[in-house]
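Participant:
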Amino acid sequence: MNPTSFHVLWLLCAPPALGLLTLVRPPRHGALVLLAGLPLPLVALWLLLGLDTGPLAGQLALGPLLLHWRLDGLAALLWLLTMVLLLASALYAAGYARAAPLDARAYAWLWPLLGGLATGLGLIWIAADLLLLYAGLELMGLCAVGMLLLPGSVAALTAGLRYLLFALVGSLTWLLGIALLLGAWGRLDLAGLAAVAQPDPVTAIAVALLASGLLLKASIFPLHGWLVPVHGSAWTPVSAIHGALVVKASFFILLLLWRLLLPDAIAGALALGALGSLAVLWGGVQAWRAAGLKELVAWSTVGQLGYLMLAFPLLAGTGAAVAALAWQATWLQLAGHALAKSAMFMAAGNLLLATGATRLEGLTGTSRRLPLSLLTFGLAAVTLMGLPPSAGFTAKWLWLQASLAAGQWAWVAVLGLGTLLSAAYVFRVLRCSFVEDAPEPVLRGLPLGMELVALALALAAIGLGLAAAWPLALLPPVSVP
Amino acid sequence: MAPAAAWGLAGLLLLVAGFCLVERQLWRACQGFVAFGLLMALAWLLLGAPWLALAEALLGAVLTGGTLLWTLRGRGALPRLALRDETPRRARVTAPLRWLLMLAWLGLTGFALLRLLGLEALTPPASATTLSAATGVLIMGPAVWGFATQRHLLRRLLAFNLLGSGVFLLLAGLAGPVAEVQGLILVGLVVALLGSVLGAALLLRLHAAAGLVSLEPAAGADP
Amino acid sequence: MSALLPLATLASSLITAAVIFMLPEQAVRTRTALNLGAALVKLVLVLWMARGLVAGETYAVEFPVVPGLGFVLHVDELGLTFAALSSILWLFTTMYAIGYLEGSPNRRRFFGFFSLCVASTIGISLAGNLFTLLIFYEVLTLSTYPLVAHRGTPQALAAATVYLRYTLTAGLVLMVGMVALHVVAGDLRFGQQETLARLADGQEALLIGLFWVLLLGFGVKAALVPLHGWLPRAMVAPAPVSALLHAVAVVKAGAFGIVRLVYDIYGIGFSAALGVLDGLVVIASVTIVYGSVRALAQQELKPRLAFSTVSQVSYIVLGIGLFGPLGTIAALAHLLHQGLMKVTLFFCAGNYAEELGIHRIDELDGVGRRMPLSSLAFTIGALGMIGMPPVAGFITKWTLGLGAVQADMPWVIAVLIASTLLNAAYFLPILNRLWFRRGPAQGIGTWPDERPPSRFETSAWLLVPALATALLSLLAGMLAGLPFSPLQWATRVVQQTYQVIPL
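Residue numbers (this note's numbering), protein chains in the order written: chain R, 220 to 700; chain D, 17 to 239; chain H, 83 to 585.
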């Protein structure tokens, strides 16, 4: 049996359906979640493996409206990643609900929102026209805001409202950009747009508007202000999936559109690369200075997203060999960071939940008393620092190779400084955990499942570094203009 | 020349939008928004998109407007908001970045329109669609201003909704009321509705928890 | 079979590490048995591979990580030299650590990372290309951090931070250099040194530049002056860690990296043609003399040994820099000799600290009578460091001298003589104190009164490893002519791998 559009539809609809089911009786045991959720990544994997004959594409007619979708290797890989992380977050959330005092009604709402988020992400991965992308982006964005606001503290509310206002305006800039594209070229499907659109000033302005909306949602420097306060107060499983995937989806769309509409805009690409570099440095410095553990992890997201932005200058006008390297580096970095960041959020959540602390100083002596969580944190940090063996390391090797081969030396310095900064903030945490002569707080016991989920994700990020050949072979080759 | 009814409608839209943005009495501003939504529905009808007109009336005027009104006078368990916006306006000098972004938004749009429509953009609109685009741009200007400079969250939500309507009008004006445009606007309306509902609910909870109606605790505290 | 053995060797420590992390802290016996068992298994595996290699078998594992870049494990004579050193010394260091840390907290963490550390050393020795080498090189950095920080005191944490600053920066430099080389020459396997020589036309300056970048990266772990700053500070770590850092893992990994760089990436002939070897010899000579002078100034035992390491490891670099087979033989033999002798010295220093609370050199008066066996081992190690026959160190210095003559660098002999005098100057006073001074009177001095709860002067776990390594360093010198002695093995490496005939 080969994958058909029916299976794609199933994978889109199953998560929210499951989420709505659980709204009635939110699960409190991981086994149930695993049983119900395991088909999702399995089907995604099956879709991925079934693509060896070529991408799957189709159209959906809604009256006079045609919606285009397309499932290629990249989309299927990202969908698989989404489903794995979704399941991991759900498993973690089931344990979290038992270990942390959560409001029962808010907890029940988590599930349909998770489901909606998965659908939104799935739509983004497979969308082949701007309308579908818009719908997916907004669905994802609204579900994400909803999830982040579930704790309901004043800090969370303020941060979430700010994020909501940003996101709403971001979506309007996106719509304005589409309006210009539609006015200029009269099409919304990406393939048709690629055929007719010329890189003239109107396209450039449209892409600039689209980009500003997307950069905001991807929390790329200097539009990152909303990310850290939101994560500081959000629930751990929500932070995990948000930091891992939601911000990446906006980046994915931006790269897609940029490659489609302005493949040769080297100055713009360099500007985006420069923004990314500033993000790496600023995020690193702020993470190094952060007082709280969750803030540290959130700032590290700001910094790590900067690496992804290097894709723009390295893909624009650099030649086939460099572009291929940068293309692989981008997706490897994205996947590795997604796995590691969610593992790190979960490990940090475990440490904070067990010690009852929020600041780094509260972690003294945890290497002895919470070794598993700390080990997970450390393993996730290995990927974030780009040290071997990990996906972050292999991706960094590819970044460096692409930068050196393209002669763009500045990125080498950025990658180097980013590595050192991330080592500085990671080892601030690890160092605290080694301190021996601190008073020992009472530890709260955690369900083992919470630790194992985080550990599995961290190990996956490590393993991906050595087994990168397999997913990279499934990637569609980068098209060079 | 576009028909006189279109000109009249455009003028009314601008007037009502302006009223919604400057009115500090929140109840009246929200009522104004409901009227604006109904006018928008009329505009879609005039542009030949009856289904969109229905959606606008339902989603925009009734549901979004109703949400905003309900936020002010609802019977929920949470304490009510004050009916008048007492927050001071932002001083122009303290928010240079806001102004820069605002001008960038409008400038980019204007430049792109000039490129797209040529000199026609500078003459009085000749058809209903170009009139719609012009109205959209004219609504966007004050709406961006309101969103960037006001503090009260309900008014910012209002400004966001008006801004969205401006973008919809521009979109319909540039590409005509084709199926793609209607689809985009429909999604946009749903997003605006959900965003408003979410924002209003958050605002009520924030107000209940900390007595705030804006994001800046120091300057915007409710008296 | 050919892929299985290297993987099994690597896995023997990796699995041990994983299992130890999973065992509860209290499972002391299980952990001890596991540690020793794994160390023995690994030693057997390495010796088995050495036997197979002599018999002409090849052992290799390879899979692509990304297109055009492979993870390669390839067993050759040179790698096996290092692997043998680390597995022999791991056995003894593990025994020693078991005794040394008896009853102290956090032993699960300690032995877990200890095993990981050794696994990465094995990985470094078996790596078949620069990418794989870098992977294990960085894992080594990460797994030694918890060992240096083990005690959790402010000094230990500060030292560990300094250590990280040096090694992570160096790792980064190394990575950039390796990627640049990869861009120039593709995925270079060790032993394909002709590739670079073929490419060289018109790119000499670039290749010379990259050589120094890579040397900078390896030089930090090898503690070349002025990149040695982390080493003396890392002395706050427990004695078995110091032994491991100095004799087996970190410093040696750096030196081994330089060996690979010169012989297997650039090739010795091409390096000489590029003119980088002269620079290497100068750096090594400066390090040798500087390390010795600084050692002389230290009043505490472990820092003195630390600076002695700085100095001694550069003999390896010096041997590499001397163009000619004898220099190479000396370098490789010293890789083993220095490990054996230095680990002995650290074991003994640990014994003194553990048993008598002695940290300073002037407290060593008369210790030879109280702890004769430890002091005997220390004496053998120290004499070896000075280069006295028949201890192993003599063999190295002698061969190095011959190599210097062969390479037509007579001034190197002056460096050797100066360093030998300095070595004597900082080791002989210690021996003098040990054996010829009177200690504090029984029961009233600084020494604890009670005898250790064993038949020997200290716990057998601490004494046996010290004596064993001392014996090995003696044998390595006395039986240097037998096959499978370090010297003969090094000669074999030179003959087999580099196809040059020694004098």
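Glycine residues also receive a C-beta, built at the ideal position from the N, C-alpha and C atoms.
By how many angstroms is the C-alpha of residue 408 of chain R removed from the C-alpha of residue 425 of chain R?
Facilitator: Within the first sequence, numbered from 1, the residue matching residue 425 of chain R stands at position 206. Within the first sequence, numbered from 1, the residue matching residue 408 of chain R stands at position 189. Cα-Cα distance, rounded: 15 Å.
Participant: Just to make sure I have the definition right: I need the residues of chain H whose C-beta is within less than 8 Å of the C-beta of residue 624 of chain R. Which are they?
Facilitator: Looking up residue 624 of chain R in the first sequence gives position 405. Those within 8 Å of residue 624 of chain R in chain H are 265.
Participant: Nearest-angstrom Cα distance between residue 500 of chain H and residue 224 of chain H?
Facilitator: Counting from 1 along the third sequence, the entry for residue 500 of chain H is found at position 418. Counting from 1 along the third sequence, the entry for residue 224 of chain H is found at position 142. Roughly 37 Å separates the two Cα atoms.
Participant: For residue 207 of chain D, go through chain R and note every residue whose CB falls closer than 8 Å to its CB, in chain order.
Facilitator: As a working mapping, residue 207 of chain D is identified with position 191 in the second sequence. Near residue 207 of chain D (Cβ distances below 8 Å), the residues of chain R are 357, 361, 387 and 390.
Participant: Within the segment 207-273 of chain H, note down every full alpha helix (DSSP H) run reaching 4 residues or more, in order along the chain.
Facilitator: Entirely contained in the segment 207-273 of chain H, the alpha helix (DSSP H) runs reaching 4 residues are, in chain order, 212-230 and 236-267.
Participant: Opposite residue 442 of chain H in the DSSP bridges: which residues?
Facilitator: Taking the third sequence and counting its residues from 1, the one referred to as residue 442 of chain H is at position 360. Per DSSP, H:382.
Participant: Can the beta-carbon of residue 32 of chain D be found less than 8 Å from the beta-carbon of residue 68 of chain D?
Facilitator: For this step, residue 32 of chain D is matched to residue 16 along the second sequence. For this step, residue 68 of chain D is matched to residue 52 along the second sequence. No, the Cβ-Cβ distance between residue 32 of chain D and residue 68 of chain D is not below 8 Å.
Participant: Can you find a CB in chain D that lies within less than 8 Å of the CB of residue 648 of chain R?
Facilitator: Working through the first sequence from its first residue, we reach residue 648 of chain R at position 429. Judged by the 8 Å Cβ criterion, residue 648 of chain R is not in contact with chain D.
Participant: What residue range does the alpha helix (DSSP H) around residue 159 of chain H cover?
Facilitator: To locate residue 159 of chain H, count along the third sequence from 1; it is residue 77. 159-182 is the span of the alpha helix (DSSP H), which, as asked, contains residue 159 of chain H.
Participant: Between R:651, R:531 and R:377, which has its C-alpha nearest residue 484 of chain R's C-alpha?
Facilitator: Position 265 of the first sequence, counted from the first residue, corresponds to residue 484 of chain R. For the residues R:651, R:531 and R:377, the minimum Cα distance to residue 484 of chain R belongs to R:531.
Participant: Specify whether the segment 399-410 of chain H and the segment 438-449 of chain H touch according to this definition: at least 3 beta carbon pairs, one from each stretch, less than 8 Å apart.
Facilitator: No, the segment 399-410 of chain H is not in contact with the segment 438-449 of chain H.
Participant: Please compile the residues from chain A whose C-beta is within a distance smaller than 7 Å of the C-beta of residue 353 of chain R.
Facilitator: Judged by its chain identifiers, the structure shown contains no chain A, and its protein chains are R, D and H.
Participant: I'd like the span of the alpha helix (DSSP H) that includes residue 203 of chain D, first residue to last.
Facilitator: Sequence index remark: in the second sequence, residue 203 of chain D carries index 187 (1-based). 195-226 is the extent of the alpha helix (DSSP H) around residue 203 of chain D.
Participant: Name, please, each residue of chain R whose Cβ falls closer than 7 Å to the Cβ of residue 183 of chain D.
Facilitator: Here residue 183 of chain D corresponds to residue number 167 of the second sequence, with the count starting at 1. Those within 7 Å of residue 183 of chain D in chain R are 391, 394, 395 and 398.
Participant: State the DSSP-derived secondary structure class of residue 281 of chain R, mapped to helix, strand or coil.
Facilitator: What you label residue 281 of chain R is simply residue 62 of the first sequence in a count that begins at 1. It is a strand residue.
Participant: Starting from the beta carbon of residue 586 of chain R, find every residue of chain H whose beta carbon is closer than 8 Å, and list them in chain order.
Facilitator: Within the first sequence, numbered from 1, the residue matching residue 586 of chain R stands at position 367. Near residue 586 of chain R (Cβ distances below 8 Å), the residues of chain H are 188, 191 and 228.
Participant: Nearest-angstrom Cα distance between residue 537 of chain R and residue 614 of chain R?
Facilitator: The sequence position of residue 537 of chain R within the first sequence is 318, counting from 1. The sequence position of residue 614 of chain R within the first sequence is 395, counting from 1. Straight-line Cα distance between these residues: approximately 18 Å.
Participant: For chain H, is any of its Cβ atoms less than 8 Å away from the one on residue 505 of chain R?
Facilitator: Counted from its first residue, the first sequence places residue 505 of chain R at position 286. False, the Cβ-Cβ gap to chain H never drops below 8 Å.
Participant: How big is the Cα-Cα spacing for residue 550 of chain R and residue 389 of chain H?
Facilitator: Translated into positions along the first sequence, residue 550 of chain R becomes position 331. Translated into positions along the third sequence, residue 389 of chain H becomes position 307. Between residue 550 of chain R and residue 389 of chain H, the C-alpha separation is close to 46 Å.
Participant: Can you find at least 3 beta carbon pairs, one from the segment 313-329 of chain R and one from the segment 246-255 of chain R, that sit closer than 8 Å?
Facilitator: The segment 313-329 of chain R vs the segment 246-255 of chain R: in contact.
Participant: Does chain R have any CB closer than 8 Å to the CB of residue 136 of chain D?
Facilitator: Residue mapping note: residue 136 of chain D aligns to position 120 of the second sequence, counting from 1. Residue 136 of chain D does not count as touching chain R.
Participant: Starting from the C-beta of residue 292 of chain H, find all residues in its chain whose C-beta is less than 6 Å away, skip the five residues before and the five after it, and write them out in chain order.
Facilitator: Numbered from its first residue, the third sequence carries residue 292 of chain H at position 210. Within the same chain, residue 292 of chain H has close Cβ partners 259, 262 and 263.
Participant: Hey, how far is the Cα of residue 224 of chain R from the Cα of residue 295 of chain R?
Facilitator: Start at 1 with the first residue of the first sequence, and residue 224 of chain R comes out as number 5. Start at 1 with the first residue of the first sequence, and residue 295 of chain R comes out as number 76. Rounded to whole angstroms, residue 224 of chain R to residue 295 of chain R spans 13 Å at the Cα level.
Participant: Between the alpha carbons of residue 631 of chain R and residue 230 of chain H, how many angstroms are there, rounded?
Facilitator: Taking the first sequence and counting its residues from 1, one reaches residue 631 of chain R at position 412. Taking the third sequence and counting its residues from 1, one reaches residue 230 of chain H at position 148. Approximately 30 Å between the Cα atoms of the pair.
Participant: What in chain R is Cβ-close to residue 251 of chain H, meaning under 8 Å?
Facilitator: Looking up residue 251 of chain H in the third sequence gives position 169. By Cβ distance, chain R contributes 639.
Participant: Say whether chain D places a C-beta atom closer than 8 Å to the C-beta of residue 222 of chain R.
Facilitator: By one-based count along the first sequence, residue 222 of chain R stands at place 3. Judged by the 8 Å Cβ criterion, residue 222 of chain R is not in contact with chain D.
Participant: If contact is defined by three or more beta carbon pairs under 8 Å, each pair taking one atom from either stretch, is the segment 119-126 of chain D in contact with the segment 188-202 of chain D?
Facilitator: These segments do not touch.
Participant: Could you spell out the range, first to last residue, of the alpha helix (DSSP H) harbouring residue 286 of chain H?
Facilitator: As a position in the third sequence, residue 286 of chain H is number 204, starting the count at 1. Note, residue 286 of chain H: alpha helix (DSSP H), 286-303.
Participant: Taking 8 Å as the threshold, find out whether the segment 337-356 of chain R comes into contact with the segment 318-327 of chain R through three or more Cβ pairs.
Facilitator: At 8 Å Cβ cutoff, the stretches do not touch.
Participant: Taking DSSP as the reference, what is the three-state secondary structure of residue 488 of chain H?
Facilitator: As a working mapping, residue 488 of chain H is identified with position 406 in the third sequence. Residue state, collapsed to three classes: helix.
Participant: Could you check if residue 689 of chain R is buried or exposed, using at least 16 other CB atoms within 10 Å of its CB as the buried criterion?
Facilitator: Looking up residue 689 of chain R in the first sequence gives position 470. It is exposed - the Cβ of residue 689 of chain R has fewer than 16 other Cβ atoms within 10 Å.
Participant: Starting from residue 152 of chain H, follow the beta strand (DSSP E) in both directions and report where the run begins and ends.
Facilitator: Numbered from its first residue, the third sequence carries residue 152 of chain H at position 70. 151-156 is the extent of the beta strand (DSSP E) around residue 152 of chain H.
Participant: Any Cβ of chain D within less than 8 Å of the Cβ of residue 502 of chain R?
Facilitator: To locate residue 502 of chain R, count along the first sequence from 1; it is residue 283. Cβ-Cβ to chain D under 8 Å: no for residue 502 of chain R.
Participant: Check whether the Cβ of residue 131 of chain D lies closer than 8 Å to any Cβ atom in chain R.
Facilitator: For the purposes of this step, residue 131 of chain D is identified with residue 115 of the second sequence, where counting begins at 1. Yes, because at least one Cβ of chain R sits closer than 8 Å to the Cβ of residue 131 of chain D.
Participant: So who's on the other strand from residue 146 of chain H, going by DSSP bridges?
Facilitator: Taking the first residue of the third sequence as 1, we reach residue 146 of chain H at position 64. Answer is H:152.
Participant: Can you tell me the Cα-Cα spacing of residue 417 of chain H and residue 555 of chain H, whole angstroms?
Facilitator: Here residue 417 of chain H refers to the residue found at position 335 when the third sequence is read from its first residue. Here residue 555 of chain H refers to the residue found at position 473 when the third sequence is read from its first residue. About 12 Å.
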